[in-house]
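When you line the sequence shown up against our numbering, it's residues 244 to 686, in that order.
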Amino acid sequence: MEALNKTSLIKQSKDQQHTANTMVDSMNVDGGEPSKDAPTKQGSYENMEALNKTSLIKQSKDQQHTANTMVDSMNVDGGEPSKDAPANANENCVGPSSAGAGKASACEGCPNQGACSAGAFNSPEAIAKAESETQALQSCLSNVSHVVLVLSGKGGVGKSTVAAQLCHTLASQGYAVGLLDVDLCGPSAPRMVMGNAFAGQTIHKSGDGSWTPVYSRDNIAVMSISFLLQDANQAVVWRGPRKNSLIQQFLTQVDWTGETDGLDYLIVDTPPGTSDEHISTVQYLQKASAVSGAVVVTTPEEVSLADVRKELNFCQKTKVPVLGIVENMSAFSTQMNELKFIHPTSREDVTEQMIKTLQDKCPEVLQCGIASELFGRGGGALAMANAYNAPFWGRLPLDPNLLQACEKGEAFVQEKPKSQAAVALQEFANRLVKTLPVAMDKQ
């Protein structure tokens, strides 16, 4: 990226590390005005009782020197990235445990060069810590058959809608499903699975210290930062290291066993972009060899497609298989009898009169569905899928009833099974199951 000065980025990363948020107590927990001269301006954050503060502090301090600061931590030449590379390593990192660590040409200018040269990542303590983290990841996900990321480089394209309705649809087919929400600053997925009931839910710790997710029904488990907030409207103002710490806890301390003895599918709802949450989630999951693939969501217009191409590029760099691309909001879809009619001159609502007229003169019209391509004619998502050699799953129309189902936390395929959107969602779920089958004895 010619416009970016890599040296400047590395310098900024070093300058910012000592001011990174490293523990829950860095926020003013008494609800008062935050200090104006604080290194990081924060809002109030009230008692997240489910979080182990001591654990967070220790993990955050350990992770500061490897804070995610640039996408170049991945091997951008298309080769296999080093699995033990620090998250802020240079491109083509040889790995901190290799013989050339800190000495290879690729190490020049890396913020970890000194530590690698001194063998900081090669010490018995560091190796034991890395092995312990990997074991914790593998243990936590041992009873999860498939982990599927829902990604998009663009915000507002409906990732949470697709993630939540995939959960509902798979659950309606009898699969045990989990929804992990790593959109820490905008956790909307729990509402889409549980409706208003999500607001009264909290996370509990078991005797062994693991977290028990919230269950919307027997075969849908949900984990989100929203269950740790005392106020649903409270902003989460965190930098990378703190986000990484919580994501690591989600991936190592949640017990997905439940009454289904584990999960068939764990759907991970992510924020837009290709930054901290994405790099951390992918790297942690790859340590446990637990990334099954990603569903990438876009809308039809080029403004969205341009950013989603970056997400597909991210998947290529990180070796995350793209299971399918979904074109959401492909067209506005509804029934004629659900429209509102406005008089062309008075602008008054004449819906009642028009419906009556249609019933009298042409009743079959009221049974018709209508569609309008609000974002222009589609096709861009299909062309993008072909260009990246990724499967195109299809188009999900913009349906007001789907919006209501998400608001209420309902399974749309059960509420409106014959609608175009429900048919599309069933097709997406079927494609997922076909690509990532679950053994019959697991169900």
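From the three backbone atoms N, C-alpha and C, an ideal C-beta is built for every residue, glycine too. Note that the structure is a prediction, hence the values are computed from the model and not measured.
Query - N- and C-terminal bounds of the beta strand (DSSP E) containing N571 - result: 565–578 is the span of the beta strand (DSSP E), which, as asked, contains N571.
Report task. Return yes when the Cβ of L639 is within less than 9 Å of the Cβ of L617, no when it is not. Result -> A distance of 9 Å or more separates the beta carbons of L617 and L639.
Report task. Go ahead and pull the three-state DSSP assignment for T541. Result -> Looking at T541 - three-state DSSP - the assignment turns out to be strand.
Query - Nearest residue (CA-CA) to L555, options E545, V539, V569 - result: Checked all of E545, V539, V569; the closest Cα to L555 is V539.
Query raised in the report: Where does L489 fall in DSSP's three states?
Result: In this structure, L489 counts as helix in the three-state DSSP scheme.
Query raised in the report: Hey, would you say V390 sits closer than 9 Å to V511, going by beta carbons?
Result: Yes; because the gap between Cβ atoms is below 9 Å, this pair is in contact.
Report task. Tell me where the beta strand (DSSP E) around I510 begins and ends. Result -> 506–512 is the extent of the beta strand (DSSP E) around I510.
Requested in this report: Give the DSSP-derived three-state secondary structure of V608 in the structure shown.
Outcome: Assigned with DSSP and collapsed to three states, V608 falls in helix.
Query raised in the report: What residue from F441, N386, S341 has the CA that sits closest to T495's CA?
Result: Of F441, N386, S341, the residue nearest in Cα terms is N386.
Report task. Compute the Euclidean distance between the alpha carbons of M579 and L645, then round it to the nearest angstrom. Result -> Cα to Cα, M579 sits roughly 16 Å from L645.
Requested in this report: Alpha carbon to alpha carbon, how far is P634 from Q491? Give it in angstroms, no decimals.
Outcome: Roughly 30 Å between the two C-alpha positions.
Report task. Give me the Cα-Cα distance between S366 and K372, rounded to the nearest whole angstrom. Result -> Going from the Cα of S366 to the Cα of K372 covers about 10 Å.
Query raised in the report: Are there three or more Cβ pairs, one per stretch, closer than 8 Å when the stretch 468–476 is compared with the stretch 421–439?
Result: Because the criterion of three Cβ pairs below 8 Å is met, the stretch 468–476 and the stretch 421–439 touch.
Query raised in the report: Since T577 contacts I522 with CB under 8 Å, what's their CB separation in whole angstroms?
Result: Taking C-beta atoms under 8 Å as the contact rule, T577 and I522 fail to qualify, at a distance of about 40 Å.
Query raised in the report: Does DSSP put P433 in a helix, a strand or coil?
Result: Residue state for P433 is assigned as helix, using DSSP reduced to three classes.
**Report entry** Proximal residues to F441 (C-beta, below 6 Å), its chain only, five neighbours per side dropped
**Finding:** Correct list, in chain order: P433, R434.
Query raised in the report: Which value, in whole angstroms, describes the spacing of the CA atoms of C359 and S348?
Result: C359 and S348 have their C-alpha atoms some 13 Å from each other.
Requested in this report: Check the DSSP bridge columns for T455 and list the partner residues they point to.
Outcome: H447.
Query raised in the report: Rounded to whole angstroms, how far is the Cβ of V405 from the Cβ of V393, which I believe are closer than 8 Å?
Result: About 6 Å separates the two Cβ atoms, so the contact holds.
**Report entry** For E581 and V608, the rounded distance between their alpha carbons
**Finding:** Their Cα atoms are separated by approximately 12 Å.
Requested in this report: Indicate the three-state DSSP secondary structure (helix, strand or coil) for V593 in the structure shown.
Outcome: Three-state result, V593: coil.
Query raised in the report: Excluding five sequence neighbours on each side, which residues of the same chain lie with their C-beta closer than 6 Å to the C-beta of V666?
Result: Cβ neighbours of V666 beyond the five flanking positions: none.
Requested in this report: Pick helix, strand or coil for V400, following the three-state DSSP scheme.
Outcome: For V400, the three-state secondary structure derived from DSSP is coil.
Report task. Enumerate in chain order the residues of its own chain whose CB-to-CB distance from F671 is below 6 Å, with the five nearest sequence positions on each side excluded. Result -> Closer than 6 Å at the Cβ level, and outside the excluded window around F671, lie W636.
Query raised in the report: When DSSP builds the beta bridges, which residues end up paired with A614?
Result: Beta-bridge partners assigned by DSSP to A614: S576.
**Report entry** Environment of T541 [buried if 16+ CB atoms lie within 10 Å]
**Finding:** It counts as buried.
Query raised in the report: When DSSP builds the beta bridges, which residues end up paired with R638?
Result: Residue pairing for R638: DSSP places it in a beta bridge opposite E570.
Query - Nearest candidate by alpha-carbon position, reference L409, set V676, F584, A363 - result: That would be V676, whose Cα lies nearest to the Cα of L409.
Query - Sub-9 Å separation of F655 and T412 beta-carbons - result: A contact, by the Cβ cut-off of 9 Å.
Query raised in the report: Are A661 and A648 touching if we call contact CB-CB under 9 Å?
Result: Contrary to the premise, residue 661 reads as Lys rather than Ala in this sequence. Going by C-beta atoms, K661 is not nearer than 9 Å to A648.
Requested in this report: Specify the secondary structure class of H521 as computed by DSSP and reduced to three states.
Outcome: Of the three classes helix, strand and coil, the one that applies to H521 here is helix, per DSSP.
Query raised in the report: Who are the Cβ neighbours of K553 in its own chain at under 8 Å, not counting the five residues just before and after it?
Result: G396, T517.
Query raised in the report: By Cβ distance below 6 Å, which residues in the same chain neighbour E292 in space, the five residues on each side in sequence not counted?
Result: Bear in mind that a pLDDT of 42 at E292, under 50, signals an unreliable position, so the model cannot answer this.
**Report entry** Per-residue DSSP class, three states only, for N483
**Finding:** Note that residue 483 corresponds to Gly in the displayed sequence, not to Asn. Reduced to three states, the DSSP call for G483 is helix.
Requested in this report: Give the range of the alpha helix (DSSP H) segment to which A664 is assigned.
Outcome: Judged by DSSP secondary structure, A664 falls within the alpha helix (DSSP H) whose first and last residues are 663–678.
Report task. Can you have a look at C383 and say buried or exposed, based on whether 16 or more other CB atoms are within 10 angstroms of its CB? Result -> Label assigned to C383: buried.
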